[in-house]
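In the working numbering, the protein residues as written are 506 to 660.
Heads up, the thing below is written out as structure tokens.
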Ligand code: SME
């Protein structure tokens, strides 16, 4: 089984993630696992899952080289907030060119935020930073939307 960055396929990862999401484990254990596993994809530098808590997004789980200061983000702010407001994935190919961007890490160059919907209502989101410009392809989007859809069944 692949366990290092650069040695993982989206298909293998999708199968593993489906299993863990359906495992019946505690939600925090599942979101921790999902963040750790997603970060095996080489261009996923930092992976977090935020939950919607009233008018804020609260960081539940993360995996990456360092912690973010943005552990609570108003729903009206940032790329994170935009994805909730739009109820749709937001891909930012170059964070330096998007005025909505809230900086967490100096080396971040692009970002994708995928809302997790339950019965059409956003309950959480997956936030991924990459230190590569324009890192996120339609394949990433499709893959992450499928993971988000699975997570929506348990969050
Ligand atoms: N960049 C995000 C803030 C969260 S950090 O990336 C972890 C944003 O613009 O909402």
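Beta carbons are placed, not taken as given, at the ideal position from N, Cα and C, and that holds for glycine.
Nothing here was measured: the structure is a model prediction, and the numbers come from that model.
Cβ shell of residue i (< 7 Å), same chain only, five flanking positions each side left out
i           : result
residue 600 : 606, 613, 614, 615 and 616
residue 650 : 594 and 619
Exposed unless 16 or more other CB atoms sit within 10 angstroms - verdict on residue i
i           : result
residue 654 : exposed
residue 557 : buried
residue 657 : buried
residue 665 : Past the boundaries of the shown model lies residue 665; the chain is included only from 506 to 660, so the question cannot be answered.
residue 660 : buried
residue 570 : exposed
residue 643 : exposed
N- and C-terminal bounds of the beta strand (DSSP E) containing residue i
i           : result
residue 553 : 551-558
residue 577 : 577-579
residue 561 : 561-568
Check whether residue i and residue j have beta carbons under 8 Å apart
i           : j           : result
residue 554 : residue 629 : yes
residue 635 : residue 548 : yes
Chain-order list of residues whose beta-carbon lies under 6 Å from that of residue i (same chain, five-residue window excluded)
i           : result
residue 652 : 522
residue 633 : 549, 552 and 617
residue 568 : 540, 541, 544 and 552
residue 537 : 566
residue 562 : 555, 578 and 585
Cutoff 8 Å: residue i Cβ touching any chain B Cβ
i           : result
residue 569 : In the structure shown, chain B cannot be found, because there is only a single protein chain.
Cβ neighbours of residue i in the same chain (closer than 8 Å, five flanking residues each side left out)
i           : result
residue 603 : 584 and 597
residue 580 : 557, 560, 561, 562, 586, 589 and 590
| task | Enumerate, from N- to C-terminal direction, the unbroken beta strand (DSSP E) stretches of 3 or more residues contained entirely within the segment 603-651. | result | 615-623 and 626-635
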